[in-house]
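Q: Chains as they are written, first to last, in this note's numbering: chain A, 1 to 235; chain B, 1 to 286.
Every residue, glycine too, gets a C-beta built ideally from N, C-alpha and C.
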Amino acid sequence: MSELRTSSIETRGKAGLKRYAMVIDLRRCIGCDACMVACKAEFDVPLGVFRTWVPYKVVGTYPNVRKHFMPRLCNHCDDAPCVRSCPVGATYKVEDGGFILQHYDRCIGCKACMASCPYNARFMLPKHRTYTDITSVVDKCTFCHHRVTQGLAPACVVTCIGRARIFGDINDPNSEVSKLVSTLPTQVLRPEEGTKPHVFYIGLDRNNSEFGRAVYNPLDVLEEDRRAFNKNHEG
Amino acid sequence: MGDFNIFHHMPWSSTYSIYFFVIGISAALFFFSTLSWFRQEFEPLRKSAFYVSFGLMVLGGLLLIGDLSKPLRFLNMLNPAYLNFASPLAWGGLNLLLFGAVSVAYFWMMRKNDETNSRRLAIIGALLALGLPVYTGFDLTVHQNRPVWNTPLMPILFVAMSLVSGAAVASFLAPGKPEKLLVMLRRFMLWSAGAVGVMLVSLLGTTAYGGSGQELTFMFMTSGTLGTIFIGVGILLGTAAPIALLLAPIGKQQQGIMIAAVLILVGGMALRYSILVGGQIVQTYF
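1) On a Cα-Cα basis, can you pick out the residue from 195/A, 158/A, 15/A, 175/A that is closest to residue 34/A?
2) Counting only the same chain and skipping the five closest in sequence on each side, list residues whose C-beta sits under 7 Å from that of residue 108/A.
3) For residue 76/B, list the residues DSSP reports as bridge partners.
4) Kindly identify the DSSP beta-bridge partner or partners of residue 124/A.
5) Quick one: measure Cβ to Cβ for residue 199/B and residue 174/B, integer angstroms, because I've assumed they're closer than 8 Å.
6) Going by the beta-carbon positions, is the gap between residue 148/B and residue 238/B smaller than 8 Å?
7) Among 103/A, 93/A, 70/A, 138/A, whose alpha-carbon lies nearest the alpha-carbon of residue 58/A?
8) In whole angstroms, what separates the C-alpha of residue 82/A from that of residue 154/A?
9) Taking beta-carbon pairs under 8 Å, can you tell me which members of the segment 93 to 118 of chain A lie near chain B?
10) For a test of the three-state rule: what should DSSP assign to residue 68/A, helix, strand or coil?
11) Could you tell me which residues DSSP pairs with residue 169/A in its beta bridges?
12) By alpha-carbon positions, which one of 128/A, 29/A, 124/A, 43/A ends up nearest to residue 166/A?
13) Taking a cut of 9 Å between CB atoms, which residues from the segment 186 to 216 of chain B lie near chain A?
14) Quick one: give me the first and last residue of the alpha helix (DSSP H) that residue 176/B is part of.
15) Quick one: is residue 194/A near chain B, going by C-beta distance under 8 Å?
16) Please give me, in chain order, every unbroken run of the alpha helix (DSSP H) with length at least 4 that falls completely inside the segment 190 to 216 of chain A.
17) Use the C-beta contact count for residue 89/B: other C-beta atoms within 10 angstroms, 16 or more gives buried, fewer gives exposed.
18) How would you call residue 2/A, buried or exposed, if buried means at least 16 neighbouring beta carbons within 10 angstroms?
19) Does the distance from the CB of residue 264/B to the CB of residue 142/B come in under 8 Å?
20) On the criterion of 16 or more Cβ atoms from any shown chain inside 10 Å, does residue 235/A qualify as buried, or is it exposed?
21) Whose C-beta lies closer than 8 Å to the C-beta of residue 56/A among residues of the same chain, with five residues either side of it excluded?
22) Does the contact criterion of 3 or more C-beta pairs under 8 Å hold for the segment 73 to 92 of chain B versus the segment 123 to 138 of chain B?
23) Along chain A, which residues have their Cβ under 7 Å away from the Cβ of residue 182/B?
24) Apart from the five residues on each side of it in sequence, which residues of its chain come closer than 6 Å, Cβ to Cβ, to residue 218/B?
25) So residue 259/B and residue 245/B are supposed to be a Cβ contact under 8 Å. How far apart are they, rounded?
26) Would you say residue 88/A faces chain B, with C-beta separation under 8 Å as the test?
27) Where DSSP assigns a beta bridge to residue 60/A, which residues make up the other side?
28) Please work out which residues of its chain come closer than 8 Å, Cβ to Cβ, to residue 11/B, disregarding the five sequence neighbours upstream and downstream, and give them in chain order.
29) Determine the direct distance from the alpha carbon of residue 190/B to that of residue 15/B, and round the result to whole angstroms.
30) Helix, strand or coil: which one does DSSP assign to residue 119/A?
31) Taking 8 Å as the threshold (C-beta atoms), are residue 181/B and residue 45/B in contact?
32) Between the segment 182 to 209 of chain A and chain B, which residues of the former have a C-beta closer than 9 Å to a C-beta of the latter?
33) Would the segment 46 to 63 of chain B count as touching the segment 24 to 31 of chain B if we require 3 or more Cβ pairs under 8 Å?
34) Any beta carbon from chain A within less than 8 Å of residue 137/B's own beta carbon?
35) Would you please verify whether the beta carbon of residue 152/B is less than 8 Å from any beta carbon of chain A?
36) For residue 168/B versus residue 261/B, is the C-beta spacing smaller than 8 Å?
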């Protein structure tokens, strides 16, 4: 994979280094949202913001319709734009593992990382939290760095009842993620951005994952939902 | 995606567009104050343009700091151990601070009537002032995932918008409105507004013929509320109308120049707002 490497920060295929990745098999996802709940519990993620979330789209024509779920999270890009854009180095990449993490005590809250992330994976923590004193800084999924370094899988992976999420070191050719990525057709989100995302999807239809005309002319009910969501999660 | 259960916000609020507006004017006014050392027509502007430039720079700095979710941590930008020079924001922060320091020194030298040093500081300050719209443009350009922003035009567009808005404010500042100065400011407004217009047409073209994100952004920016602000106020009222007015016989008179200046300022704010928001709308649906 070294031929894919275009910047010195990239570690996929680099000998002696781990490069964690997640494969999400959409054929197995039933949209139970247990991953969202597990993540919320693991990190005390506040109301209104998510480190992982499961948007859906109803596809097909009645009566042949189904809900297409697409679990989302930080893509822990190999060439992460958020690392580049942070003026104070609060966002950084762990070389051995490829985790994109955050120095909470450095973050000034300029939101440049949020603007640079093509995946909407970053969010601003609220000013007040009940159990945690990390507030008013940008946060995101960490690939459960604290668990993975202890030899555990991320909380969302452990809890997934359909085993739709598979996690491992893609630099290790014997890992399950390596085998899945090398033997099955996989897709990443917005590959054209050059970020080299490390969340791979099996069974993803880009017609459902990319911007559609529906964005410009959304259903009224969706706009009502959006207004209600924004109102409920202000501040 | 077509259906949603989670929604996303725009990271950069409209405060940034006000910052872009005031810092652009501040930079251009400093430039006009510098010009006064080399062109006699600009002499009446030397002090007044500098004072307004300084005030707007302070206001811009406060807006920028106030928009941080951890305002006091702006001091982290001064910590060499933290600074990430891959980020245009880091360069911008340093540029703004240096511009502030040079402005204070310039003020001091002007008060001491030290012409030689005032001239030197004016030149250094003008170069740093040029850096302000350039970095604000780069701030947007570097986000490869954002339609409208991710174009090499952005820094140049911001320089042109800075000049045209600055010239508009300067036309109100000169005491007694000397005719020679107004002639020069009219030229600045005309040529910079022309440059802005040409760049906006290019921007609209590349956006309309871009990928799905760009196409959708084009649709948002040319219709509905944002379309009214961008096309109606920004391009037609704030760019095309002042150009037409300045080219007409009345545009050579003080009254015409003043009306054009007001339109330019309203349009300048509208353009900055719609470019800032336009680049963020579509992604809130992703």
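A: Taking the geometry as given:
1) 158/A
2) 88
3) Per DSSP, none; premise fails for residue 76/B.
4) 138/A
5) Contact doesn't hold; Cβ gap of about 28 Å is too wide.
6) no
7) 70/A
8) 22 Å
9) 106, 107, 108, 109, 110, 111, 112, 114, 115, 116, 117, 118
10) strand
11) 20/A
12) 29/A
13) 211, 212, 213, 215, 216
14) From DSSP, residue 176/B is part of no alpha helix (DSSP H); its letter is neither H nor E.
15) yes
16) 206 to 209
17) buried
18) Residue placement at residue 2/A cannot be trusted, given a pLDDT of 48 that sits under 50; the coordinates are not used to answer.
19) no
20) Low confidence applies here, because residue 235/A scores a pLDDT of 49, under 50, leaving its location unreliable and the question unanswered by this model.
21) 31, 67, 68, 69, 70
22) yes
23) Neighbours of residue 182/B on chain A: none; closest Cβ ~40 Å, over 7 Å.
24) 207, 208
25) 6 Å
26) yes
27) 65/A
28) 280
29) 28 Å
30) coil
31) yes
32) 189, 190, 192, 193, 194, 195, 208, 209
33) yes
34) no
35) no
36) yes
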